[in-house]
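2 protein chains.
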Amino acid sequence: MNSSAGEFAYIDWVRQQTPADDRLLIGPGDDCAALRWNPAAPALVTTDMLMDGTCFRLSEAGPRAVGRKAMAVNLSDIAAMAGKPVAAVVSVALPRREGRTLAEELYRGLRDVADAFNTAIAGGDTNSWDGPLVICVTLLGEATPRGPVRRSGAKPGDWLLVTGPLGGSILGKHLAFTPRIREALQLHEQADLHAMIDISDGLAADVHHLCEESHCGALLRAEAIPISNAARTIQDGRSPLDHALSDGEDFELVFAVPATDAQRLLQAQPIRGITCVHIGECVDQGFWLEEDGKRSALEPRGYVHSFQ
Amino acid sequence: MNSSAGEFAYIDWVRQQTPADDRLLIGPGDDCAALRWNPAAPALVTTDMLMDGTCFRLSEAGPRAVGRKAMAVNLSDIAAMAGKPVAAVVSVALPRREGRTLAEELYRGLRDVADAFNTAIAGGDTNSWDGPLVICVTLLGEATPRGPVRRSGAKPGDWLLVTGPLGGSILGKHLAFTPRIREALQLHEQADLHAMIDISDGLAADVHHLCEESHCGALLRAEAIPISNAARTIQDGRSPLDHALSDGEDFELVFAVPATDAQRLLQAQPIRGITCVHIGECVDQGFWLEEDGKRSALEPRGYVHSFQ
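Same order as they appear, the protein sequences are chains A and B. Residues in the first sequence are numbered consecutively from 1, following the working numbering. Residues in the second sequence are numbered consecutively from 1001, following the working numbering.
Quick look at the structure:
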């Protein structure tokens, strides 16, 4: 955070907006922020950069929704480790013409969701340029005493559960989703979560990531996969199931638990208002979709940033 | 860190490059990184976003120098609080065409300076788009037992010292500077640093920030300000002194200490190879430049990201 950081009036405004917070020893406006850290907890760190035209369309979504999304995608990563968010820093490159208004609306959107999850905005770096809006949030969290849930602990025989219906998030959920922070903490208390990931690339792609890290395979059952209303609405020649398997940015969690824990969780539903769905199992190897009693290889399709 | 994060081959490559590090409980490739934290130390957090065409010219500097700068500017912010760097996360938006080679060279540049300052690269988010290169590093550090040095503790009567010659960094130093981490730690051990800031916007602007936060004024003596060879080389109609006062990105430190501490430091020079220079004092109010025995108001000029 050097202070070549936008109109200083904006930084002053941000400082006025920053509520007192015991965790925040030094807030916005110095060279660094300083945080009081829970000595018993490993620190979790995640970062996501969103670019106008690629991850959102500023002209359609508006800046407040963009700020909200930029914070929420990071909260979702903390949820995927079953951690608690603590504080975020926010860097932006603002289009020069509309900078100040844009900056304030972005900040309001960031705060909307940060406040909802008890997350301090500790500082940032505000730039302007002739390019499109770029926003990068880095979020710090703490692992619970049970430790972070990784992608790598799934075992053959584990059941795979998902926290909500999937597909078609482009119709709105990608901006308005609720990060599954509270649900993940409760699941982590109630079950032996072997592995977990948030669905940002698409169910098939993200289960594939989880299985790769866990050195196992998976079998998903088509009839069991919860399909969102949005996925059923899109008329683009792809089936609702295909949308549920391949669309990114649902930001639900998919997790692997021993069968006995899974059965217990399913019986204890709903969990903080949500209903988990059993969509398949981890297997020794291979990556399969079972549909109408037939098993076929499942492509780990999903959104990938491609470059040479 | 969602996994829509560039070619997965690149993430695998980064994981192979990541050395074992006791502080890094979970490194690149999961939803979050996890760090073991020093329970006695407040966490310092800083973030800086650099954009091609604004903060560097990729075609002139090359990607390795850009990666180096992106890490070094953050290290300089940790130095400005007299902290120790611990770990960084790195988000990038890569131009689609040359992504992979660019990503690897950026990473090498980031590691060059991270390794030199015992800083782990814990994770990141790799995107591609049709825009110019944007890179955002967030750096975590820890305060020493003496605490972070803020901008706000300067008192009238304090001497102002600077860690090196200033001006003309555009000729090369803005890419190749050494963050003053080691020097700051030693200064913090040897003196009662009341306030400190790194010179990113320009000496006049940054001393002004320090004074504003400290609710005091400053008097700088023109004859005492160390002027770099680069500032003397530029032939653009502005004086070398003007360059030293107004050019940004020198990334030297300027700090306020009681006169007795300042005198002791100046006698004990050099400090880890550098020579601090006494450039003026903090005063009750006003912001002054003394030149040829005459005192004039000093404009806090420097680089500011302007937007409406």
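Backbone N, C-alpha and C define an ideal beta-carbon position, used for all residues, glycine too. Source: prediction; values computed, not measured.
- Shown here, F1117(B) sits in coil according to DSSP, grouped into three states, outside any helix or strand.
- Sequence-distant partners of S1246(B) (beyond 5 residues in either direction) whose C-beta falls short of 7 Å from its own C-beta, in its chain, are G1202, A1204, R1301, G1302.
- When DSSP reads this structure, D1198(B) sits in a beta bridge with L1253(B).
- For C1282(B), the enclosing beta strand (DSSP E) stretches over residues 1277-1283.
- With a cutoff of 8 Å on beta-carbon distance, A1297(B) and L1185(B) are scored as not near each other.
- With respect to the 8 Å criterion, I199(A) and E281(A) are not classified as neighbours on the basis of their beta carbons.
- By DSSP's assignment, K84(A) forms a beta bridge with E142(A).
- For T18(A), the secondary structure class from DSSP, reduced to helix, strand or coil, is coil.
- A Cβ-Cβ contact shorter than 8 Å links P132(A) with G1131(B).
- Against chain B, the CB of G286(A) has no partner CB under 8 Å away; the residue lies outside that interface.
- Counting along the chain, the unbroken beta strand (DSSP E) around L1219(B) starts and ends at 1217-1221.
- Under the Cβ criterion of 8 Å, V1113(B) is not counted among the residues facing chain A.
- The beta carbon of Y10(A) lies closer than 7 Å to those of R100, A103, T126 in the same chain, with the five residues before and after it left out.
- Under the criterion of beta carbons closer than 8 Å, T260(A) and L171(A) do not qualify as touching, at roughly 37 Å.
- In the structure shown, C1211(B) falls within a helical segment according to DSSP collapsed to helix, strand and coil.
- With a cut-off of 8 Å on Cβ pairs, the segment 1154-1165 of chain B is in contact with the segment 1255-1272 of chain B, counting three or more such pairs.
- Rounded to whole angstroms, the gap between the alpha carbons of S91(A) and A1043(B) is 19 Å.
- For the 8 Å CB-CB criterion, A1116(B) and A1088(B) do not form a contact.
- In terms of Cβ geometry, R151(A) and L210(A) form a close pair [threshold 8 Å].
- One Cα belongs to I1279(B), the other to H1243(B), and the distance between them is close to 15 Å.
- Taking CB atoms only, S91(A) has a neighbour in chain B less than 8 Å away.
- Judged by DSSP secondary structure, D1261(B) falls within the alpha helix (DSSP H) whose first and last residues are 1259-1267.
- Between the segment 56-69 of chain A and the segment 1133-1142 of chain B, the count of Cβ pairs shorter than 8 Å is below three; the stretches do not touch.
- Beta-bridge pairing by DSSP links C32(A) to no other residue.
- Bounds of the alpha helix (DSSP H) holding S246(A) are 240-246.
- Pairing F1287(B) with L1193(B) gives a Cβ-Cβ distance that is not under 8 Å.
- Bounds of the alpha helix (DSSP H) holding R1232(B) are 1229-1233.
- Looking only at A40(A), I26(A), D77(A), D250(A), the smallest Cα-Cα distance to P1148(B) is reached by I26(A).
- At a cut-off of 8 Å, the C-beta of W1129(B) has a neighbouring C-beta in chain A.
- Interface criterion not met: the Cβ of G27(A) is under 8 Å from no Cβ in chain B.
- Taking a Cβ-Cβ threshold of 9 Å, none of the residues of chain B is close to R182(A); the smallest such distance is about 17 Å.
- In the same chain as E299(A), and ignoring 5 residues on each side of it, no C-beta atom comes closer than 6 Å to its own.
- Here L1289(B) carries a strand assignment [DSSP, helix/strand/coil].
- For A1122(B), the nearest beta carbon of chain A is closer than 8 Å to its own beta carbon.
- Comparing C-alpha distances from F56(A) to each of T46(A), K69(A), V45(A) shows the shortest one belongs to K69(A).
- A1222(B) is the residue among R1111(B), D1022(B), A1222(B) whose C-alpha sits nearest the C-alpha of D1292(B).
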